[in-house]
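The block underneath contains the structure these notes are about, expressed in structure tokens.
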Amino acid sequence: MKLSYNILVFGNEPVEKSIARLSRFGYDAVEFVGEPDLYDPAEVRSLLAKYNIRAGSICNIWKKDRDFTSANPEIRENAKRYTKSTIDLAEAIGAEVVIVAPTANMRITRELPPEEEWKYAVEGIRECGEYALSRGVTLVIEPWNRFETYLINRLEQAIRLAQDINLPNVKIMGDLFHMNIEESSIPEAIRKARGWLVHMHVADNQRDLPGKGHLSWPEIFSALKDIQFPGYLVLEYIPPHADPYFAFREKVDESVYDEHAQYAAEFIRKFL
Ligand code: LER
Ligand code: MN
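Remember, the working numbering sits 40 above the position in the sequence shown when you count from 1.
See below:
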């Protein structure tokens, strides 16, 4: 298990500051924001070398016009175009993983009959998965809670989608915040996802830092160890706000960034 941090929550600070911070506190990798225009890949590569840290993954941003299962064909096409652009970014900076979701974030009602949207989810993500395969990138499907999507809320649903897509580089991830809302048992869901679960977002029940809420950390880590979880544990602290992208758009209190990164690394390492 390797440690990473989603830099979405560091807002719009210069990327060097985020990379330097995570390196300083012993993180193995960085999770970048899925907005290719934000980064100059050559600059990112040289910063990663300078601070001796890896590009682990890219967390795509599922705006309204990026939706694999929209009733609007232009929006479906845009979701594929967008995802391919983040796969290009992943290849350019050496990130192994790109996070995907079959609906736009916070679209919580369906626009099409279930069979039709499932078909679009399978076809759209498969096309991107094929594109990613030759570029050495794995796509991971992220289930979100019911207030952010209606389609894939639990790990077993993400596994079913990945099975239908049927590519060696399309797997799934878990996000403990979403899992706390949707899974009957977090450790059991992790154990049942053995072989499919290759990436994790880590936060406590209310999206605060791990240990600041009521999740049962020893049980979660024991399940991750049981399945020999092979991927990145990515801190995804997000301030309490209905819109998860809030921290990225608006300035939050920068004075806590160092403290958060240090605390989270120390907390998680106690279990590894
Ligand atoms: C992203 O990783 C996530 O968990 C969602 O809530 C928002 O995209
Ligand atoms: Mn997440």
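For every residue, glycine included, the Cβ atom is placed at its ideal position computed from N, Cα and C.
The structure displayed is predicted, hence computed values, not measured ones.
- Under the three-state reduction of DSSP output, residue 222 falls in the helix class.
- Under the three-state reduction of DSSP, residue 308 is assigned to helix.
- For residue 102, the CB falls within less than 7 Å of some heavy atom of ligand 1.
- Here the stretch 108-123 does not lie against the stretch 80-98, with fewer than 3 beta-carbon pairs under 8 Å apart.
- Taking 4 residues as the shortest admissible run, the stretch 188-272 contains the following complete alpha helix (DSSP H) segments, listed from N- to C-terminal end: 195-205, 216-222, 226-232, 257-266.
- The beta-bridge partner set that DSSP reports for residue 178 consists of 137.
- Look at residue 42 here: in three-state DSSP terms it is strand.
- Under a 10 Å Cβ-count criterion, residue 77 is classified as exposed, with fewer than 16 other Cβ atoms of the shown protein chains found around its own Cβ.
- Counting along the chain, residue 89 sits inside the alpha helix (DSSP H) bounded by residues 81-91.
- Residue environment: residue 282 is assigned as exposed (fewer than 16 neighbouring CB atoms within 10 Å of its CB, all protein chains considered).
- With a cutoff of 7 Å, residue 281 does not count as near ligand 1, since its C-beta is closer than that to no heavy atom of the ligand.
- Taking the CA atoms as reference points, residue 200 sits about 17 Å from residue 228.
- The C-alpha of residue 155 is placed about 43 Å away from the C-alpha of residue 59.
- Beta bridge pairing from DSSP links residue 69 with 94.
- Three or more Cβ pairs drawn from the stretch 127-139 and the stretch 94-101 lie within less than 8 Å of each other, which places the two stretches in contact.
- The Cβ neighbour count for residue 241, taken over all protein chains shown within 10 Å, is at least 16; the residue is labelled buried.
- Rounded to whole angstroms, the separation of the alpha carbons of residue 82 and residue 225 is 43 Å.
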